[in-house]
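K.L.:
Below: one structure in structure tokens.
Residue numbers (this note's numbering): 673 to 763.
Take a look at the structure:
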């Protein structure tokens with residue numbers, strides 16, 4: 673993601689795709705889909721003097737339901753959030 677470079681302690685996350693079907697095969701309309709709470713880190717800032725960056729591009733992460741700011745670029749949706757808004761890194 674070369675068009676967006678987060679600053680300070682922020683990270684750029686591409687949310688995982690929302691579930692398309694339930695177990696029974698019922699198709700869920702877009703308006704009823706839950707926001708995914710996991711995604712992939714695409715870019716990270718350089719950190720601050722008080723907070724070292726522990727995340728890096730390619731990390732799979734979990735974040736809070738209302739974390740970050742949504743933005744859209746070239747038809748794709750992304751989140752930009754502080755590293756402290758990330759709840760966990762998936763290993």
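Idealized CB from N, CA, C, for every residue including glycine.
Within its chain, find whatever has a CB closer than 6 Å to the CB of residue 710; leave out the 5 residues flanking it on each side and keep chain order.
P.N.:
Excluding residues within five positions, the ones whose Cβ falls inside 6 Å are 688 and 734.
K.L.:
If the criterion is Cβ atoms closer than 7 Å, does the pair residue 752 and residue 684 meet it?
P.N.:
yes
K.L.:
Relative to the C-alpha of residue 736, which residue among 759, 720, 677 and 699 is closest?
P.N.:
Cα-wise, what sits closest to residue 736 is 759.
K.L.:
Who does residue 687 pair with in a DSSP beta bridge?
P.N.:
Residue pairing of residue 687 in beta bridges, as defined by DSSP: 711.
K.L.:
What span of residues does the beta strand (DSSP E) with residue 760 cover, start to end?
P.N.:
758-762
K.L.:
Give the single residue among 714, 680 and 722 whose Cα lies nearest to the Cα of residue 750.
P.N.:
714
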